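All the letters of the sequence shown, read from the start, carry residue numbers 86 to 575 under the working numbering.
Every residue gets a Cβ at the ideal spot worked out from N, C-alpha and C, and that includes glycine.
Keep in mind the model is a prediction, meaning the values are calculated, not measured.
Here is the structure we will look at, set down as structure tokens.
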Amino acid sequence: MLKDKLRNIKILRSLKSRIFLILLIVGLVPCISMRYAILQNYEQRAVNVKISDVSTQLRILANHLITYHYLQDTSSEVINAELDQLSGLYDGRVLVINNDLRVVKDTYGISENKTIISEEVVRCIKGENTSRYDKNNGYVEMTVPITETVTLDDDKTEAAERKEIVRGVMLVSASTDTIGATLEILSRKALLVEVIVMLAIVLVSILAAKGLFKPFEKITEALNQAQEGYTDDPISVTDCLETERIGDAFNRVLGRMKMLDTSRQEFVSNVSHELRTPITSMKVLADSLISQKDVPIELYQEFMADIAEEIEREDKIITDLLSLVKMDRTSADLNISEVDIDALVELIMRRLRPIAQKRDVEVVYESVRPVTAAVDEVKLTLVISNLVENAIKYNKEHGWVKVKLDADHQYFTVEVADSGVGIPQDCLEHIYERFYRVDKSRSREIGGTGLGLAITRSAILMHRGTIKAESIEGQGTVFTIRIPLKYIPV
Ligand code: ADP
86 MLKDKLRNIK ILRSLKSRIF LILLIVGLVP CISMRYAILQ NYEQRAVNVK
136 ISDVSTQLRI LANHLITYHY LQDTSSEVIN AELDQLSGLY DGRVLVINND
186 LRVVKDTYGI SENKTIISEE VVRCIKGENT SRYDKNNGYV EMTVPITETV
236 TLDDDKTEAA ERKEIVRGVM LVSASTDTIG ATLEILSRKA LLVEVIVMLA
286 IVLVSILAAK GLFKPFEKIT EALNQAQEGY TDDPISVTDC LETERIGDAF
336 NRVLGRMKML DTSRQEFVSN VSHELRTPIT SMKVLADSLI SQKDVPIELY
386 QEFMADIAEE IEREDKIITD LLSLVKMDRT SADLNISEVD IDALVELIMR
436 RLRPIAQKRD VEVVYESVRP VTAAVDEVKL TLVISNLVEN AIKYNKEHGW
486 VKVKLDADHQ YFTVEVADSG VGIPQDCLEH IYERFYRVDK SRSREIGGTG
536 LGLAITRSAI LMHRGTIKAE SIEGQGTVFT IRIPLKYIPV
């Protein structure tokens, strides 16, 4: 949720702004926390020093108070002067309280003879030193017991025992204004340093973000140029590994696009050429009829038969082209069903046997085991028919064609072997290309379009299968197709 919201903030969608922000935070957070920690630490220490300072003074004074019996008689000039000096020194107030909680001396002269009941004073009378720092009002308040050491005689043991008895309490509030002032000066200086550091970080962040993204800007520019068609050169931004990788990936895509474009152009020119050939023949035949006078009816009939043959050829090319276009679509067009492959091959063989007999080619079918598979029946029929037809077409007289069906637990294989003319080794890799023919004139003679194997291969690939051809020139060819028994959609 939060991630989505952040993603919707336009500025955060830029990687540059993100890096800038990260650098800024990484730089500023330690800077601010350090200032806070240092100031806090200083304040703590300064207050502690002040407390220990004042309490030392107080302890000395407390002894004097006992010596001069000040709690009983506050007229001692010396002590009063000392008390005034102390309150002047710490810019504060000193109260001397006896153990009846009565104020015997207040350097401000306000609370004398009043009874003071505060938790600190009571605790102090029990012998405990207390101190409290009031940050908001800028003072520390502390209490120090006024103790007298008395010697007690123990009758039984006849030993003397010294005991400290609390006679009263000194309550002092000392100003911490100096600490506050120092803190303020320190804080101001730290803020100045902080602002300078912040500016430096902002500057460094801007420069770093800019510098880091320069290669990306370069590659974007190069991509735009390539897209606008200014250059055909491969993109190369070697400033950093990432842009180099983007460039390489783009060059691969570009290469593939160029290849597709070339093959499309080639295909279009091949199609035009193939379609034009029968038309040219028809035109030649028609022209020769028109140019002659008194043409005998037999010649008309002969030429017309030739023209009909060319039309049939044109029709076959168009039909094959349409099948090929259909195969080029996605495999979603497959119409998968459970098919008895054995029966299917048997049927194809029965249909093709008359053609084979006409060419005096013997056709043999061997099924190693019964096979049922999830395939598109129409497309698979096309595949097997094409292969067997080719095996018959490109055969020798008294030749043979052997078809063998086999399967394992994952795939079924159909092997189509013939005793035909064979395919030269260097042509084997091209036979699946559209309009490719090993022997152009022979193929045309037997009515080939050069599209059969291209259609076959597309149909097999749609089934996620493979096709392989092995051939020995002059001896024969073996085509093997291997198709999964179960169709697995992507
Ligand atoms: P065509 O319509 O010309 O038969 P294909 O795409 O079916 O086109 O085949 C391409 C080429 O491969 C053929 O022209 C032929 O030269 C060669 N070829 C295909 N099958 C065989 C085979 N069984 N024996 C010899 N050559 C073959």
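Within 7 angstroms, strictly: CB atoms of L156 and N183: yes
D191 versus L171 - alpha carbon distance: Their Cα atoms are separated by approximately 12 angstroms.
Exposure of A294, with buried meaning 16 or more beta-carbon neighbours within 10 Å: buried
For R567, the residue or residues it bridges with in DSSP: In DSSP, R567 forms a bridge with T498 and T551.
Cβ-heavy atom distance, N590 to the ligand ADP, below 6 angstroms: This structure cannot settle anything about residue 590, because the visible part of the chain is limited to 86 through 575.
6 angstroms Cβ shell around T541 - same chain, five flanking residues per side excluded: V468 and N471
From Y127, L106, R438 and E431, residue whose alpha carbon lies closest to that of E269: Y127
Three-state class that DSSP yields for R444 in the structure shown: Coil at R444, not helix or strand.
Close Cβ partners of I516 (< 8 angstroms) along its chain, the five nearest in sequence each way excluded: Counting only Cβ-Cβ distances below 8 angstroms, and skipping sequence neighbours, we find I508, V523, L538 and A554.
Sequence-distant residues of the same chain with beta carbon closer than 8 angstroms to V206, five excluded per side: I182, L186, T228, V254 and L256
CA-to-CA distance, D445 to K606, given in whole angstroms: The chain is shown only over 86 to 575; residue 606 falls outside these bounds and no answer can be derived.
Test: E451 CB closer than 7 angstroms to a CB of chain C: The question asks about chain C, but that chain is absent: this structure has only one protein chain.
Rounded separation between F388 and A371 - CA only: 8 angstroms
Length of the line joining the Cα atoms of I250 and C209: 12 angstroms
Option nearest G212 by Cα separation, candidates E204, E431 and G532: E204
Three-state secondary structure assigned by DSSP to L237: strand
Opening and closing residue of the beta strand (DSSP E) in which I320 lies: No beta strand (DSSP E) holds I320; DSSP gives it neither H nor E.
Start-end ranges of the beta strand (DSSP E) lying completely within the region 374 to 420, minimum 3 residues: none
Reduced DSSP category for K190 - H, G, I as helix; E, B as strand; rest coil: K190 falls in the strand class under three-state DSSP.
Proximity test, S543 beta-carbon vs the ligand ADP heavy atom, cut-off 6 angstroms: no
M468, DSSP secondary structure in three states: The question names Met, but residue 468 is Val in the sequence shown. Helix, per DSSP.
P73 (DSSP reduced to helix, strand or coil): Residue 73 is absent from the model: the chain starts at 86 and stops at 575.
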